[in-house]
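*Asks:* Take a look at the following structure, please.
There are 2 protein chains.
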Amino acid sequence: MQVEFWFEFASTYSYPAAMRIQSLAAARGVTVAWRSFLLGPIFQQQGWNDSPFNVFPVKGRYMWRDMERICEGLDLSLRRPTRFPRNGLLAARVVCSHADEPWIPDFVRGVYSANFAEDAEISDPAVISRCLETVGQDAAAILAAAQMPASKQKLKAQTAEAMERGIFGAPSFLVGSELFWGNDRLEQALDWAARAAR
Amino acid sequence: MQVEFWFEFASTYSYPAAMRIQSLAAARGVTVAWRSFLLGPIFQQQGWNDSPFNVFPVKGRYMWRDMERICEGLDLSLRRPTRFPRNGLLAARVVCSHADEPWIPDFVRGVYSANFAEDAEISDPAVISRCLETVGQDAAAILAAAQMPASKQKLKAQTAEAMERGIFGAPSFLVGSELFWGNDRLEQALDWAARAAR
Numbered sequence: 000m001q002v003e004f005w006f007e008f009a010s011t012y013s014y015p016a017a018m019r020i021q022s023l024a025a026a027r028g029v030t031v032a033w034r035s036f037l038l039g040p041i042f043q044q045q046g047w048n049d050s051p052f053n054v055f056p057v058k059g060r061y062m063w064r065d066m067e068r069i070c071e072g073l074d075l076s077l078r079r080p081t082r083f084p085r086n087g088l089l090a091a092r093v094v095c096s097h098a099d100e101p102w103i104p105d106f107v108r109g110v111y112s113a114n115f116a117e118d119a120e121i122s123d124p125a126v127i128s129r130c131l132e133t134v135g136q137d138a139a140a141i142l143a144a145a146q147m148p149a150s151k152q153k154l155k156a157q158t159a160e161a162m163e164r165g166i167f168g169a170p171s172f173l174v175g176s177e178l179f180w181g182n183d184r185l186e187q188a189l190d191w192a193a194r195a196a197r
Numbered sequence: 000m001q002v003e004f005w006f007e008f009a010s011t012y013s014y015p016a017a018m019r020i021q022s023l024a025a026a027r028g029v030t031v032a033w034r035s036f037l038l039g040p041i042f043q044q045q046g047w048n049d050s051p052f053n054v055f056p057v058k059g060r061y062m063w064r065d066m067e068r069i070c071e072g073l074d075l076s077l078r079r080p081t082r083f084p085r086n087g088l089l090a091a092r093v094v095c096s097h098a099d100e101p102w103i104p105d106f107v108r109g110v111y112s113a114n115f116a117e118d119a120e121i122s123d124p125a126v127i128s129r130c131l132e133t134v135g136q137d138a139a140a141i142l143a144a145a146q147m148p149a150s151k152q153k154l155k156a157q158t159a160e161a162m163e164r165g166i167f168g169a170p171s172f173l174v175g176s177e178l179f180w181g182n183d184r185l186e187q188a189l190d191w192a193a194r195a196a197r
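In structure tokens form, the structure reads like this:
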């Protein structure tokens, strides 16, 4: 059975989920479909022009402390980004247009590490280019394609699909129409997929 | 070591936390301080005049499904209340004025069961009266005291304290100044308290 992993590169809690999902899924015999999307249009529908963690600073302070505890527990490096949220549009387009290629999981993890462990500016094509080269890809060709209308349209359609299927935050996991929200629900979603397969 | 359990009777995710906390805490040698408060004034500061699960219906639909899964996993009865959120003011005043008395945990669980398992109207003094009698208390005397200015003032002050200490939702757990938010964080908060004691 398959779990769809819906993530946004700006999303803090998507970071530990992205780093964990592949091995946890493999241990259960579950395959992962990597689905990038944008939270911006979804948040705008809720009346927010920024991350809710900035709109509601008390919640934001809590989230950063919670992230520290989570990453410490997972032995995962965390450096609070000097800019939050960062614009993950370019990286999201790359993933959306190459979702089924075998280098995608490593690329996704590389972009999350850049944002949340290295405090690198993931909206900068040079940073995404480096992430592509690290996984052995032709960065120039892929980035050029990402700027084409077809690539832009594909990510727009995928974000619209996320909304239609009830996604309102990231990370989200879908097993068929069963929705799970948050890094906290990763194991539950994978167990659900493993049970559904039986 | 002690964990402070901050809860609101209208809060859905506080229900499984309230039902679970006492035995999980005892197993770790942790004591629980029962702290009722009101989310209304906190949500108003964020610009909401209703539960965020009503303000954002997509999130609300998800929450009810998530609650079904959680309660099923815990073998906990759940009947979706015909009115949501219910006004837990009276019950919160009772708890606030009697927080350290030994019947409080049973009373709290009784009120949560009324709201979320029996679909009973917990803003109705008759329902709270029944919950008090079930735990062997003099309902008339306690409800009369709950309407006095001292009782009202006490809950106001406790809600103000919640805000000052960074609480923005329910359930919340405090171990000293370390804040944990959500039923999902119950075990982590208790483990934190147990470690802090060593």
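Here the protein sequences come in this chain order: A and B. When we follow numbering that gives the first Met the number 0, the leftmost residue of the first sequence carries the number 0, and every step to the right adds one. When we follow numbering that gives the first Met the number 0, the leftmost residue of the second sequence carries the number 0, and every step to the right adds one. All residues carry an ideal CB built from backbone N, CA and C; glycine is no exception. Just so we're clear, the structure is a prediction, and the values are computed from it rather than from any experiment.
Please state if the CB of A:R27 and the CB of A:L185 are separated by a distance shorter than 7 angstroms.
*Replies:* no
*Asks:* Kindly identify the DSSP beta-bridge partner or partners of B:F6.
*Replies:* B:S35
*Asks:* Among A:D105, A:A98 and A:P51, which has the Cα closest to the Cα of A:S22?
*Replies:* A:D105
*Asks:* Out of B:R197, B:Q43, B:Y14 and B:I103, state which residue places its alpha-carbon closest to the alpha-carbon of B:D74.
*Replies:* The candidate whose alpha carbon is nearest that of B:D74 is B:Y14.
*Asks:* Taking B:Q45 as the query, report the chain A residues whose CB atoms sit under 8 angstroms from its CB, ordered along the chain.
*Replies:* F55
*Asks:* If you follow the beta strand (DSSP E) that B:W180 is in, where does it begin and where does it stop?
*Replies:* E177 to W180
*Asks:* What residues are listed by DSSP as bridge partners for A:S128?
*Replies:* Paired residue(s): none; A:S128 is not in a bridge.
*Asks:* Starting from the C-beta of B:T158, find all residues in its chain whose C-beta is less than 8 angstroms away, skip the five residues before and the five after it, and write them out in chain order.
*Replies:* Correct list, in chain order: F36, L37, P40 and I41.
*Asks:* Any beta carbon from chain B within less than 7 angstroms of A:K58's own beta carbon?
*Replies:* yes
*Asks:* Following the continuous alpha helix (DSSP H) through B:V107, name the residue where it begins and the one where it ends.
*Replies:* Per DSSP, B:V107 belongs to the alpha helix (DSSP H) from I103 to F115.
*Asks:* Can you tell me where the alpha helix (DSSP H) with A:V94 in it begins and where it stops?
*Replies:* L88 to S96
*Asks:* Check whether chain B comes within 7 angstroms of A:S52, counting only Cβ atoms and requiring the distance to be less than that.
*Replies:* Rather than Ser, the amino acid found at residue 52 of chain A in this sequence is Phe. Closer than 7 angstroms: no.
*Asks:* Can you list the residues of chain A that B:S178 reaches, using a CB-CB cut of under 8 angstroms?
*Replies:* Going by the sequence as given, residue 178 of chain B is Leu instead of Ser. The contacting residues are Y61 and R64.
*Asks:* Who are the near neighbours of B:C70 in its chain, counting only those whose CB is closer than 6 angstroms to its CB and skipping five residues on each side?
*Replies:* L77
*Asks:* So, using beta-carbon positions, are B:L131 and B:A140 closer together than 7 angstroms?
*Replies:* no
*Asks:* Taking only beta-carbon positions, decide if A:F4 is within less than 7 angstroms of chain B.
*Replies:* Closer than 7 angstroms to the CB of A:F4 there is not a single CB belonging to chain B.
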